[in-house]
Amino acid sequence: MSAVALTMRRCAMQSARTVFSPAMARRVNHPAAIGTGFKQMSFLAAKADSAATPGWTPGPGVHLEEELELQKARTWDEADADKFKATPVHDLFKGKKVVLFAVPGAFTGVCHKAHVPSFSKNLDAFKAKGVDSVICVSVNDPYCMNAWKSQLGDAAKGIDFYSDHDTSFTRWMHADKDLKVAALGPSKRSNRYAMIVEDGTIKALFTEESPGDLKVSDGDNVLKSL
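Note that our numbering gives residue 9 to position 21 of the sequence shown, counting from 1, and the numbers run on in steps of one.
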């Protein structure tokens, strides 16, 4: 490959990592802050990471981009049978009240032991408040998410698991974080957050300062806001 071709390829790869959806026209500011990563991350590393995305974050009043897609947690055979069809965000939120929470990774400590269980134990209370579904999202493949849901057992009962396999949803939420310090890779993962969405519009957003925290995005706190 020639030097010119190699340079063009690198530029294309860089552009692919920084492209965001057409919904940029709906950019607004909101008080919730994207965190600085795990506490072990240095200030400079966190600063460099936050500078990788523009200075805006979706918040209350913002409509989720309908072109975004997620992959439902399922086995490889099930995905192969449906030709790896993704689920449009539009289908998940249109005409519904949904509680969505995002975690840095399947099987990881806080996510597995505390975050997911905090929602499953409150499932009946969420339903009583008119919530149609509770969704867990992580930057993992859908097969990993399916295995994780199975291992969680009753702690995942009633929760729908979805994979943000290409980080597009996480990047749109400006929650993408480099968490290789915690051996989470190979690309960026999600900060920990939760949100209440009604008919595709964000009504409340609860973002942790650090992906390792669980102070504002747990099920109990989200329930109080309904």
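Backbone N, C-alpha and C define an ideal beta-carbon position, used for all residues, glycine too. All values reported here derive from a predicted model rather than from experimental measurement.
7 Å CB neighbourhood of residue i in its chain, flanking five on each side removed
i	result
glycine 146	Ser108, Leu111 and Val122
glycine 118	Lys85
aspartate 120	Lys84, Lys85 and Val86
valine 48	Residue identity check: residue 48 is proline in the sequence provided, not valine. Closer than 7 Å at the Cβ level, and outside the excluded window around proline 48, lie His18, Ile190, Lys191, Ala192 and Leu193.
alanine 61	Pro130, Met133, Asn134, Lys137, Phe149, Tyr150 and Ser151
serine 175	Thr155
phenylalanine 72	none
Close-in-space but distant-in-sequence residues of the same chain around residue i (CB under 8 Å, 5 per side omitted)
i	result
alanine 102	Leu202 and Asp206
aspartate 208	Ser106 and Asn110
aspartate 142	Ser108
CB contact flag (residue i, residue j, <8 Å)
i	j	result
threonine 75	tyrosine 150	yes
tryptophan 160	glutamate 53	yes
alanine 94	leucine 211	no
valine 127	aspartate 152	yes
proline 130	alanine 67	yes
Identity of the residue in the options nearest residue i by Cα
i	options	result
cysteine 124	Ala116, Ala135 and Ala144	Ala144
leucine 193	Tyr131, Phe114, Gly97 and Ser213	Ser213
valine 204	Ser106, Asp187, Asn128 and Lys176	Ser106
lysine 82	Ala163, Ser126 and Asp187	Asp187
leucine 274	Thr155, Lys71, Val98 and Gln59	This structure gives no information on residue 274, because the portion of the chain shown stretches from -11 to 214.
Extent of the continuous beta strand (DSSP E) run through residue i
i	result
cysteine 99	Element bounds for cysteine 99: n/a, residue is neither H nor E.
alanine 163	Looking at the DSSP string, alanine 163 is not in any beta strand (DSSP E), and its letter there is neither H nor E.
phenylalanine 72	Taken as a continuous stretch (DSSP letters only), phenylalanine 72 belongs to no beta strand (DSSP E), as it is neither H nor E.
leucine 58	57 to 60
valine 87	85 to 91
leucine 193	189 to 195
glutamate 53	Careful: glutamate 53 lies outside any beta strand (DSSP E) and carries neither H nor E.
alanine 182	181 to 186
serine 292	A query on residue 292 cannot be resolved here, the shown segment of the chain reaching from -11 to 214 and no further.
Span of the alpha helix (DSSP H), counted from its first residue to its last, around residue i
i	result
alanine 116	111 to 116
proline 65	Sequence check: residue 65 is aspartate here, not proline. 64 to 69 is the extent of the alpha helix (DSSP H) around aspartate 65.
serine 151	Element bounds for serine 151: not the alpha helix (DSSP H) but the beta strand (DSSP E), 147 to 151.
lysine 137	130 to 140
valine 210	207 to 212
Close-in-space but distant-in-sequence residues of the same chain around residue i (CB under 6 Å, 5 per side omitted)
i	result
threonine 189	His51
glutamate 57	Ala74 and Pro76
histidine 78	Glu54
glutamine 59	Ala74, Pro130, Ser151 and His153
The ligand ATP heavy atom lying under 7 Å from the CB of residue i
i	result
serine 213	The ligand ATP is not among the ligands present in this structure, which contains no ligands whatsoever.
Closer than 8 Å to chain B by CB, residue i
i	result
phenylalanine 194	You won't find chain B in this structure, because it holds only one protein chain.
Taking contact to mean at least 3 C-beta pairs separated by less than 8 Å, is the region 175 to 182 in contact with the region 77 to 90?
-> yes
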